[in-house]
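J.: Below are the structure tokens for one structure; questions will follow.
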Amino acid sequence: MNKVVLVTGANSGIGLALCERLLSQDTEGLQLCLACRNMGRAQAARSALLTSHPTAQVALLQMDTSSISSVISAAQEIKLRYNRLDYLYLNAGIMPNPQFDLKGFFKGLFSSKIITMFATGEGILTQKDGVTSDGLREIFATNLFGHFLLIRELEPVLCHEGRPSQLIWTSSSNAHRSAFNLEDIQHQRGTQPYSSSKYASDLLSLALNTHYNKQGLYSSVICPGFVMTSLTYGILPSFPAFLWTLLIPLFWLIRIFTNTFTLTPYNGAEALVWLFKQKPESLDPTVKYQSLTSGLGNNYTQARKMDIDLETSKALYEKLLQLESEVRKKLKRKVK
Ligand SMILES: NC(=O)C1=CN([C@@H]2O[C@H](COP(=O)(O)OP(=O)(O)OC[C@H]3O[C@@H](n4cnc5c(N)ncnc54)[C@H](OP(=O)(O)O)[C@@H]3O)[C@@H](O)[C@H]2O)C=CC1
Ligand SMILES: CC(C)CCC[C@@H](C)[C@H]1CC[C@H]2C3=C(CC[C@]12C)[C@@]1(C)CCC(=O)[C@@H](C)[C@@H]1CC3
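The numbers in UniProt numbering rise by one with no breaks, and the one at position 12 of the sequence shown is 12.
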């Protein structure tokens, strides 16, 4: 039977590399659906995939994860097209208006935290967040809440006892407990909305396992490591792409000390591909699966314990349900 795989944010970077790698493993037995906000870029990604895999089944779906109405209509379309989804990769993500703290970076270079700084970006990155047309914080809506709503909408095609389905989140080692506040889940008051949204996805994944495992739905999180994509190029906007390329030998050197410098989308997708091959029942819901690349360039996946607890994950889940009911009410009023 064909496996149906839906990937959000599939038109570039890690999402696109994941699609390419899945098709390289099994072109015939897969039905891929690329869920993207920009259909022009989605078409280009589909053409690229079909060039290397001409017989592959690659469908497109328009979805903007930051928009409630877009997620709801995309979910309706998915339910019309497919009886079941085997894998849902929750990969779309943004880090808009990043501010790189150069002073903090140089301070970190000469401190004992140098490896942690390169592995997690801790202490050197903040972001200026925006507000969506639904009135939600943009990073929270795009990285977390849109995906939460999508899962809720897709329950009928995801929950099947006997044949489990998998949710796989592209989280980050930049997810820190200190950036997250249960009283401010959208991170309206702080300067690290990206870290907060990724920490929230770690918590949510645990809560989803608590709620859905009995119904045959499992959730896991991964970190792709530091990958050079449009998201990371945006961190130093005045730095042209060719300068990043010039830095690659330096990054290879750093990789000897921290194998989190996966650098290419292909390498970064390692843990996503690894999870595709695992039995979901055998996975640990309290670990993050990390894509790693050794100094010699070999890829592997390693499980790392997350700094999360069940109580906070349940509390976040309740808050998300409450927010969901509020936005649905608002949407109904708008339609009337
Ligand atoms: N690069 C890195 O070092 C790391 C990345 N990550 C995570 O990996 C994931 C993929 O990022 P990466 O490949 O690096 O970056 P890219 O910018 O290349 O990919 C991000 C993808 O998400 C899509 N996207 C953004 N906003 C929306 C939206 N509102 N609705 C639908 N799709 C959207 C983008 O579409 P569009 O082309 O239209 O913008 C794009 O396809 C993200 O979740 C990121 O946080 C985690 C750790 C490290
Ligand atoms: C110009 C200098 C010589 C080199 C600057 C390097 C930094 C821009 C990077 C060093 C570690 C990187 C990193 C990320 C972004 C770019 C760096 C800060 C992330 C925060 C990107 C998003 C994530 O989710 C993290 C896992 C990355 C961690 C490492």
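All residues carry an ideal CB built from backbone N, CA and C; glycine is no exception.
With distance defined between alpha-carbon atoms, name the residue in Gln188, Lys319, Leu49 nearest to Ile129.
T.: Here the question's residue 129 lines up with position 129 in the sequence shown. The amino acid at residue 129 is misidentified as Ile; the sequence shows Asp. Measuring from the Cα of Asp129, the nearest candidate turns out to be Gln188.
J.: Answer yes if the stretch 61–74 comes into contact with the stretch 31–50, meaning at least three C-beta pairs across the two stretches below 8 Å, and no otherwise.
T.: Enough Cβ pairs lie closer than 8 Å, so yes.
J.: To which residues of the same chain is Gly93 closer than 6 Å at the C-beta, ignoring the five residues directly before and after it?
T.: Along the sequence shown, read from residue 1 onward, the residue named residue 93 stands at position 93. Excluding residues within five positions, the ones whose Cβ falls inside 6 Å are Asn143.
J.: Go through its chain and collect everything with a Cβ distance to Phe261's Cβ below 6 Å, but skip five positions before and after it.
T.: Stepping through the sequence shown from its first residue, residue 261 is reached at position 261. Once the five neighbours on either side are set aside, the close Cβ partners of Phe261 are Phe226, Phe251, Ile254, Arg255.
J.: Could you pull the start and end residues of the alpha helix (DSSP H) that Thr120 belongs to?
T.: In the sequence shown, the residue the question calls residue 120 occupies position 120. Start and end: 114–120.
J.: Have a look at Thr126 and Met1 and give me their C-alpha separation to the nearest angstrom.
T.: The sequence position of residue 126 within the sequence shown is 126, counting from 1. The sequence position of residue 1 within the sequence shown is 1, counting from 1. One C-alpha to the other measures close to 46 Å.
J.: Hey, is the stretch 205–220 in contact with the stretch 229–239, meaning 3+ C-beta pairs nearer than 8 Å?
T.: At 8 Å Cβ cutoff, the stretches do not touch.
J.: Grouping DSSP H, G and I as helix and E and B as strand, with all else coil, what is Gln76?
T.: In the sequence shown, residue 76 corresponds to position 76, counting from 1. The answer is helix: DSSP assigns Gln76 an H, G or I state.
J.: Would you call the stretch 281–294 and the stretch 151–160 in contact, with 3 or more CB pairs under 8 Å?
T.: Contact fails: fewer than three Cβ-Cβ distances are below 8 Å.
J.: Measuring CB to CB, does Gly121 end up less than 8 Å from Gly108?
T.: Stepping through the sequence shown from its first residue, residue 121 is reached at position 121. Stepping through the sequence shown from its first residue, residue 108 is reached at position 108. Going by C-beta atoms, Gly121 is not nearer than 8 Å to Gly108.
J.: Counting only the same chain and skipping the five closest in sequence on each side, list residues whose C-beta sits under 6 Å from that of Ser294.
T.: In the sequence shown, counting from the first residue as 1, residue 294 sits at position 294. Excluding positions up to five away in sequence, the list reads Asn259.
J.: Give the DSSP bridge partners of Val58, in chain order.
T.: Your numbering for residue 58 matches position 58 in the sequence shown. For Val58, which the question treats as bridged, DSSP gives the partners Leu32.
J.: I need the DSSP call for Asn259, collapsed to helix, strand or coil.
T.: By 1-based counting over the sequence shown, the position of residue 259 is 259. Asn259: coil per DSSP, three-state reduction.
J.: Ligand 2 heavy atoms versus the CB of Cys223: any closer than 7 Å?
T.: The residue given as residue 223 occupies position 223 in the sequence shown. Checking the Cβ of Cys223 against ligand 2 gives yes.
J.: Here's a check: name, in chain order, each residue in its chain whose Cβ is nearer than 6 Å to the Cβ of Asn267, leaving out the five neighbours to either side.
T.: Here the question's residue 267 lines up with position 267 in the sequence shown. Taken in chain order, the residues that qualify are Thr293, Asn299.
J.: Could you say if the stretch 135–151 and the stretch 201–218 meet the contact criterion of at least three C-beta pairs nearer than 8 Å?
T.: With a cut-off of 8 Å, the stretch 201–218 and the stretch 135–151 count as touching, because enough Cβ pairs lie within range.
J.: Of the choices Lys3, Gly9, Phe145, Lys330, whose alpha-carbon is the least far from that of Arg28?
T.: The residue given as residue 28 occupies position 28 in the sequence shown. A small fix is needed here, since residue 28 is Glu in this sequence, not Arg. Of Lys3, Gly9, Phe145, Lys330, the residue nearest in Cα terms is Lys3.
J.: In the DSSP output, which residue or residues are listed as bridge partners for Ile222?
T.: The sequence position of residue 222 within the sequence shown is 222, counting from 1. Partner(s): Thr170, Tyr289.
J.: Output the distance between the C-alpha atoms of Ser66 and His147, rounded to the nearest integer angstrom.
T.: Here residue 66 refers to the residue found at position 66 of the sequence shown. Here residue 147 refers to the residue found at position 147 of the sequence shown. Each residue's Cα considered, the two are about 9 Å apart.
J.: Under the rule that 16 or more other beta-carbon atoms within 10 Å means buried, what is Gly233, buried or exposed?
T.: If you number the sequence shown from 1, residue 233 lands on position 233. Sequence check: residue 233 is Tyr here, not Gly. Counting Cβ neighbours within 10 Å, Tyr233 comes out exposed, since fewer than 16 surround it.
J.: Let's test the definition: count the other Cβ atoms within 10 Å of the Cβ of His53 and tell me whether it reaches 16, buried, or not, exposed.
T.: Numbered from 1 along the sequence shown, position 53 holds the residue referred to as residue 53. Its Cβ being crowded by 16 or more others within 10 Å, His53 is buried.
J.: When you measure from the CB of Ala119 to every non-hydrogen atom of ligand 1, does any distance come out below 7 Å?
T.: Reading the sequence shown from its first residue, position 119 is the one you call residue 119. Ala119: no, Cβ never under 7 Å from ligand 1.
J.: For Asp202, count neighbouring Cβ atoms within 10 angstroms of its own Cβ and tell me buried if that reaches 16, exposed if not.
T.: To locate residue 202, count along the sequence shown from 1; it is residue 202. That one is buried.
J.: Please classify Lys3: does DSSP put it in a helix, a strand, or coil?
T.: Stepping through the sequence shown from its first residue, residue 3 is reached at position 3. The answer is strand: DSSP assigns Lys3 an E or B state.
J.: Any heavy atom of ligand 2 closer than 7 Å to the beta-carbon of Thr27?
T.: Counting from one through the sequence shown, the residue named residue 27 turns up at place 27. False, no ligand heavy atom lies under 7 Å from that Cβ.
J.: Just list the residues that DSSP pairs Asn97 with in beta bridges.
T.: Within the sequence shown, numbered from 1, the residue matching residue 97 stands at position 97. Asn97 is not bridged to any residue.
J.: Could you round the C-beta distance between Ala179 and Pro224 to whole angstroms and report it? I think they count as a contact, below 8 Å.
T.: Residue numbering aside, residue 179 sits at position 179 when the sequence shown is read from its first letter. Residue numbering aside, residue 224 sits at position 224 when the sequence shown is read from its first letter. In fact, because the Cβ distance is near 19 Å, the residues do not count as touching under 8 Å.
J.: Taking C-beta to C-beta, are Ile248 and Pro98 nearer than 8 Å?
T.: Counting from 1 along the sequence shown, the entry for residue 248 is found at position 248. Counting from 1 along the sequence shown, the entry for residue 98 is found at position 98. Cβ distance not < 8 Å, so Ile248 and Pro98 don't count as in contact.
J.: Between which two residues does the beta strand (DSSP E) holding Lys107 run?
T.: Taking the sequence shown and counting its residues from 1, the one referred to as residue 107 is at position 107. No beta strand (DSSP E) contains Lys107, which is instead part of the alpha helix (DSSP H) from 102–109.
J.: Grab me the residues of Val327's own chain with a C-beta within less than 7 Å of its C-beta, minus the 5 sequence neighbours each way, in chain order.
T.: Walking along the sequence shown from the start, residue 327 turns up at place 327. Once the five neighbours on either side are set aside, the close Cβ partners of Val327 are Ile68, Asp134.
J.: Would Phe140 and Pro193 be called neighbours here (beta carbons separated by less than 8 Å)?
T.: Stepping through the sequence shown from its first residue, residue 140 is reached at position 140. Stepping through the sequence shown from its first residue, residue 193 is reached at position 193. Yes, the Cβ-Cβ distance between Phe140 and Pro193 is below 8 Å.
J.: Just reading off the alpha helix (DSSP H) that Asn267 is part of, what are its end residues?
T.: Position 267 of the sequence shown, counting from 1, holds the residue named residue 267. Segment 265–268, the alpha helix (DSSP H) holding Asn267.
J.: Quick check: the Cα distance between Gln25 and Leu272, rounded to an integer number of angstroms?
T.: Locating residue 25 in the sequence shown gives position 25, counting from the first residue. Locating residue 272 in the sequence shown gives position 272, counting from the first residue. For Gln25 and Leu272, the distance between alpha carbons rounds to 13 Å.
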